[in-house]
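Chemist:
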Amino acid sequence: MDNELAVEQRVVDQLYGRLDDLRAQTRARLADVRREGPSGSPQNRSERDAFATLYEDRIAQLEAVEERLVFGRLDLDDDSRRYIGRLGLTDTEQTQLLTDWRAPAAQAFYRATAAHPDGVVRRRHVVTRGRSVTSVEDEVLDLDLLTGDSDARLSGLSGEGALLAGLAAGRTGRMGDIVATIQGEQDAIIRSELGGALVVQGGPGTGKTAVALHRAAFLLYAHRRLLERSGVLLVGPSRTFLRYIDQVLPSLGETGVVTTTVAELYPGIQATATEDEAVAELKGRALWGSVIARAVRDRERIPAQPVHVRVEGHDLVIRPNDIASAMARARRNHKPHNQARVSFVRDMLGRLAEQYVQQLGQEVPADERGEIIEELRSTREIRIALNLAWMPITPQKLVSDLWSKPHRLASAAPQLSPQQRAMLVREADAPWTPADVPILDEAAELLGEDDQAARAEARAATERRASELAYARQVLESTGSGGMVSAEMLADRFATTGPTLTTAERAAADRSWTYGHVVVDEAQELSAMAWRSLLRRVPTRSLTIVGDVAQTTATAGARSWAAQLDPVLRSSWRLNELTVNYRTPAEVADTARRVAVAANLPVSPLTSARDVDDSLVVTRVTGSSAFLSAISERTEKLVAEVTDAEGAGRIAVIAVNARLDAIGAALRDAGLRPALGTGSSAADLDAPLVVLSPREAKGLEFDVVVLVEPAEVIDASAGDLYVAMTRPTRALHVLHDRPLPRGWV
Numbered sequence: 001m002d003n004e005l006a007v008e009q010r011v012v013d014q015l016y017g018r019l020d021d022l023r024a025q026t027r028a029r030l031a032d033v034r035r036e037g038p039s040g041s042p043q044n045r046s047e048r049d050a051f052a053t054l055y056e057d058r059i060a061q062l063e064a065v066e067e068r069l070v071f072g073r074l075d076l077d078d079d080s081r082r083y084i085g086r087l088g089l090t091d092t093e094q095t096q097l098l099t100d101w102r103a104p105a106a107q108a109f110y111r112a113t114a115a116h117p118d119g120v121v122r123r124r125h126v127v128t129r130g131r132s133v134t135s136v137e138d139e140v141l142d143l144d145l146l147t148g149d150s151d152a153r154l155s156g157l158s159g160e161g162a163l164l165a166g167l168a169a170g171r172t173g174r175m176g177d178i179v180a181t182i183q184g185e186q187d188a189i190i191r192s193e194l195g196g197a198l199v200v201q202g203g204p205g206t207g208k209t210a211v212a213l214h215r216a217a218f219l220l221y222a223h224r225r226l227l228e229r230s231g232v233l234l235v236g237p238s239r240t241f242l243r244y245i246d247q248v249l250p251s252l253g254e255t256g257v258v259t260t261t262v263a264e265l266y267p268g269i270q271a272t273a274t275e276d277e278a279v280a281e282l283k284g285r286a287l288w289g290s291v292i293a294r295a296v297r298d299r300e301r302i303p304a305q306p307v308h309v310r311v312e313g314h315d316l317v318i319r320p321n322d323i324a325s326a327m328a329r330a331r332r333n334h335k336p337h338n339q340a341r342v343s344f345v346r347d348m349l350g351r352l353a354e355q356y357v358q359q360l361g362q363e364v365p366a367d368e369r370g371e372i373i374e375e376l377r378s379t380r381e382i383r384i385a386l387n388l389a390w391m392p393i394t395p396q397k398l399v400s401d402l403w404s405k406p407h408r409l410a411s412a413a414p415q416l417s418p419q420q421r422a423m424l425v426r427e428a429d430a431p432w433t434p435a436d437v438p439i440l441d442e443a444a445e446l447l448g449e450d451d452q453a454a455r456a457e458a459r460a461a462t463e464r465r466a467s468e469l470a471y472a473r474q475v476l477e478s479t480g481s482g483g484m485v486s487a488e489m490l491a492d493r494f495a496t497t498g499p500t501l502t503t504a505e506r507a508a509a510d511r512s513w514t515y516g517h518v519v520v521d522e523a524q525e526l527s528a529m530a531w532r533s534l535l536r537r538v539p540t541r542s543l544t545i546v547g548d549v550a551q552t553t554a555t556a557g558a559r560s561w562a563a564q565l566d567p568v569l570r571s572s573w574r575l576n577e578l579t580v581n582y583r584t585p586a587e588v589a590d591t592a593r594r595v596a597v598a599a600n601l602p603v604s605p606l607t608s609a610r611d612v613d614d615s616l617v618v619t620r621v622t623g624s625s626a627f628l629s630a631i632s633e634r635t636e637k638l639v640a641e642v643t644d645a646e647g648a649g650r651i652a653v654i655a656v657n658a659r660l661d662a663i664g665a666a667l668r669d670a671g672l673r674p675a676l677g678t679g680s681s682a683a684d685l686d687a688p689l690v691v692l693s694p695r696e697a698k699g700l701e702f703d704v705v706v707l708v709e710p711a712e713v714i715d716a717s718a719g720d721l722y723v724a725m726t727r728p729t730r731a732l733h734v735l736h737d738r739p740l741p742r743g744w745v
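If you're matching positions, the sequence shown starts at 1 in UniProt numbering and goes up one per residue.
Here it is, written out as structure tokens:
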């Protein structure tokens, strides 16, 4: 075995040496580009900016793959060897040294079995720490072809030793990738075709999130040309969750994915306020599509009486019939409200101009007729009358009026009961909530851009272009280059110089951007309105939808995939299931499953990958003061046992919201320093001890969980208890006074 380690160490040294060479070459090229500075022709500056961006991206990619650069080796039946790693590497002669894990040539590393070896004689997992090889693990797939001595063994899991070692390692507060230990059923999902909507259903600990992230990295590799132009959107349940996973994609060589939450989908809107769960559920219903459409139409009103206006001594009449006719014509183009308003105003001004000309009693030349229309447009009384008939309005104003003006909501949402409408009432300046965002997005889609703002932007662009052309002419006159380059060509070059936004940056700032692929994690929590917003951003319906309907905690969320997706995707989605629980010890997972089944949750079939001794510890404690003392004592002991010298090891105390403050205070009195909740800063994720609610724990994992009073948790939501019980990788400690929920034993 020592000889095998030495063999692999030489290979690893060679690969890291090549990586260092590539880093040095790329840094040198970037330094050369920067050394030239901003001087030179506009074309040269534009080219330098492009090269600088290219080299910076490449450096970021090369830096991100430092850990576990190489993790696998395939011994093939043609006596060749193929090393598998985080990215592809070739030597100076373009000979392949390392195969990217996403390449077709690497697929056998994850898929080959003894029954179907796919040309593989032996699969080796190379385990490294830093740049040192610490161990190797071999799986013999074809005993007849294998030559030489080997201590390899057959196992039910691919790379069982490497996999279980990774699962047993202390948590660090950030999700790690699973690129070295992807299992066959996971790999099949990761490499599934780009088209259509793929639903990945899996219970706790099956690696759903990791699979979704690796799928995003694979799709960007396999469909680079398509997805670099349009981008990939990753939607998570919370900003805390996105911080938890933020190192996975860079470690896989991808840095251009847009990550967001539903609450952040609308650029410029900060939706951080909270509201009652019943209100959020009501706002999540699909009916708001028709409600917003009706609210928009309510801003297009025919006056009951004619409006008389005097302009330059002429009496003009804004007739209800003319308003109705102009509205009908404007609606025929099927443009959004604010854009269709342009046609309406133009039509009405034309009708009023005709009245004006008739009163003049003479022919009016076309240029003078234009002056008359501008005169009418600037007349205050006419502007007011036309605005009252067809009001330009922003999405924020439209939705705010629904919440703060009961008569507006009553008109737009007659299908709601008076009690339901009363639930939605709030002040006009109240902060936005996450459930407001899909409704705002719906309003933005139906309203379109305010034409007045678009005209102002167009005027600014025209002025900017005129200034650039004037400067370009000065440059050409001073250099005598007018014969070969026009001022227009030179101005175009000026416009393209300077910092440019990446696809991800442009997409994140543009509400109407459409993506090539969208990944949705914890998708079971999304409301019907949230789905409308998301699908608007992926017209190709190319999605990876990840979740577990048994873990639904939001009232507006899904209880079955068919009920959630059939109304919006019809039959264009397919379902894959993950069936192996890699995270949660078997005893804990089995108990959680029995409790979930007793609570009638739609639990997926699961097989636990490992047993852990003493993984479930249940303690009965009586009395509130004794309860807090027991929590402090148990937690203090666990912190000492779990946290290692290098800072790995995480413990979570999970309880209902009403208990969190008291538990946090008791732990501080005991000399511990818990982070209360996970939403205040990224540092909270790195804290060795955190106190949080089940919903804050969603999607996260910890070495040990101390679960306080399960009966209180299940009273709030059975899904909450299922989530809380399945967060630990080593042990679940339960402290309770009330009887344990049904199914526990």
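Cβ atoms here follow ideal geometry from the backbone N, Cα and C, with glycine treated the same way.
Quick one: what's got a C-beta closer than 8 Å to R559's C-beta in the same chain, skipping five residues either side?
Modeler: V549, T552 and P602
Chemist: How would you call R153, buried or exposed, if buried means at least 16 neighbouring beta carbons within 10 angstroms?
Modeler: A caution first: R153 carries a pLDDT of 37, below 50, which makes its placement in the model unreliable, though a value can still be read off. Label assigned to R153: exposed.
Chemist: Any idea what DSSP makes of V653, helix, strand or coil?
Modeler: DSSP, read as helix, strand or coil, puts V653 in strand.
Chemist: For the alpha helix (DSSP H) that contains S290, what are its first and last residues?
Modeler: W288 to R297
Chemist: Pick out whichever of G677, R86, V704 and L447 has its Cα sitting closest to the Cα of S693.
Modeler: G677
Chemist: To the nearest angstrom, report how far apart A724 and H733 are at their CA atoms.
Modeler: Looking at the backbone, the Cα of A724 and that of H733 are separated by about 11 Å.
Chemist: Quick one, which of R129, V121, K335 and R131 has its alpha-carbon nearest D138's?
Modeler: Cα-wise, what sits closest to D138 is V121.
Chemist: Quick check: the Cα distance between E375 and R319, rounded to an integer number of angstroms?
Modeler: Straight-line Cα distance between these residues: approximately 19 Å.
Chemist: Using 10 angstroms around the beta-carbon of T729, count the other beta-carbons present and answer buried if the total reaches 16, otherwise exposed.
Modeler: Label assigned to T729: buried.
Chemist: Candidates P204, L282 and T53: which alpha carbon is nearest T591's?
Modeler: P204
Chemist: Going along the chain, which residues of its own chain have a beta-carbon closer than 8 Å to the beta-carbon of A412, five neighbours each way excluded?
Modeler: V291, I292, R294, A295, D298 and L402
Chemist: With a threshold of 7 Å on Cβ separation, who are the neighbours of S639 within its own chain once the five nearest residues in sequence on each side are excluded?
Modeler: Here the sequence assigns Val to residue 639, which means Ser is not the residue at that position. For V639, where only same-chain residues beyond five positions count, the Cβ hits under 7 Å are I651, L672, P688 and L689.
Chemist: For Y515, name the three-state secondary structure that DSSP assigns.
Modeler: coil
Chemist: Let me make sure I understand the geometry here. Which of L89, Y356, G196 and V133 has the alpha-carbon closest to that of R574?
Modeler: G196
Chemist: Assuming H521 and T209 make a contact with CB atoms under 8 Å, what is their CB distance in whole Å?
Modeler: In the sequence on display, residue 521 carries Asp and not His. Here D521 really is in contact with T209; their C-beta atoms are around 5 Å apart, less than 8 Å.
Chemist: Exposed or buried, what is N338 when buried is set at 16 or more other beta-carbons lying within 10 Å of its beta-carbon?
Modeler: buried
Chemist: Would the beta-carbon of T95 fall within 8 Å of that of R58?
Modeler: no
Chemist: Which of the three DSSP states is assigned to E254 in this structure?
Modeler: coil
Chemist: How long is the line joining the alpha carbons of E193 and S572, rounded to whole angstroms?
Modeler: The straight-line gap from Cα to Cα measures roughly 14 Å.
Chemist: If you reduce the DSSP assignment to three classes, tell me which class residue 769 lands in.
Modeler: Outside the displayed span of the chain (1 to 745) sits residue 769, for which this structure offers no information.
Chemist: Rounded to the nearest angstrom, what separates L54 and H223 at their Cα positions?
Modeler: 19 Å
Chemist: I'd like to check one pair, E587 with S604: are the Cβ atoms closer than 8 Å?
Modeler: no
Chemist: Could you give the DSSP three-state label for G148: helix, strand or coil?
Modeler: Interpretation of G148 is limited by its pLDDT of 49, a score under 50 that renders its predicted location unreliable; no figure is taken from the coordinates.
Chemist: Taking only three categories from DSSP, how would you classify A731?
Modeler: strand
Chemist: Contact between the region 734-743 and the region 616-630 is defined here as three or more beta-carbon pairs at a separation below 8 Å; is this criterion met?
Modeler: yes
Chemist: What does the alpha-carbon distance come out to for the pair N3 and I84?
Modeler: 21 Å
Chemist: State the beta-bridge partners of G72 as determined by DSSP.
Modeler: I84 and H125
Chemist: Looking only at C-alpha atoms, which of D77, A428, A106 and L98 sits nearest to residue 749?
Modeler: Missing from the structure shown is residue 749; the chain here goes from 1 to 745 and no further.
Chemist: Out of P267, F109, M529 and T99, state which residue places its alpha-carbon closest to the alpha-carbon of R506.
Modeler: Distance from the Cα of R506 is smallest, within the candidate group P267, F109, M529 and T99, for P267.
Chemist: Quick one: residues in its chain with C-beta nearer than 7 Å to the C-beta of L349, no 5 flanking neighbours on either side, listed in chain order?
Modeler: I373, L376 and R377
Chemist: Measuring CB atoms only, is the region 239-258 touching the region 415-435, in the sense that at least three cross pairs come out at less than 8 Å?
Modeler: Cβ pair count under 8 Å is below three, so no.
Chemist: Using a threshold of 8 Å, state whether the C-beta atoms of L446 and I269 are closer than that.
Modeler: It is not a contact, given that the beta carbons lie outside the stated cut-off.
Chemist: Would the region 325-339 and the region 412-424 be scored as touching if the rule is three or more Cβ pairs under 8 Å?
Modeler: no
Chemist: For S608, name the three-state secondary structure that DSSP assigns.
Modeler: strand
Chemist: Would you mind giving the Cβ-Cβ distance between M175 and V248, rounded to the nearest angstrom? I have them listed as a contact below 8 Å.
Modeler: With 8 Å as the limit, M175 and V248 qualify as a contact, their Cβ atoms being about 6 Å apart.
Chemist: Around the C-beta of V232, are 16 or more other C-beta atoms found within 10 angstroms, so that it is buried, or is it exposed?
Modeler: buried
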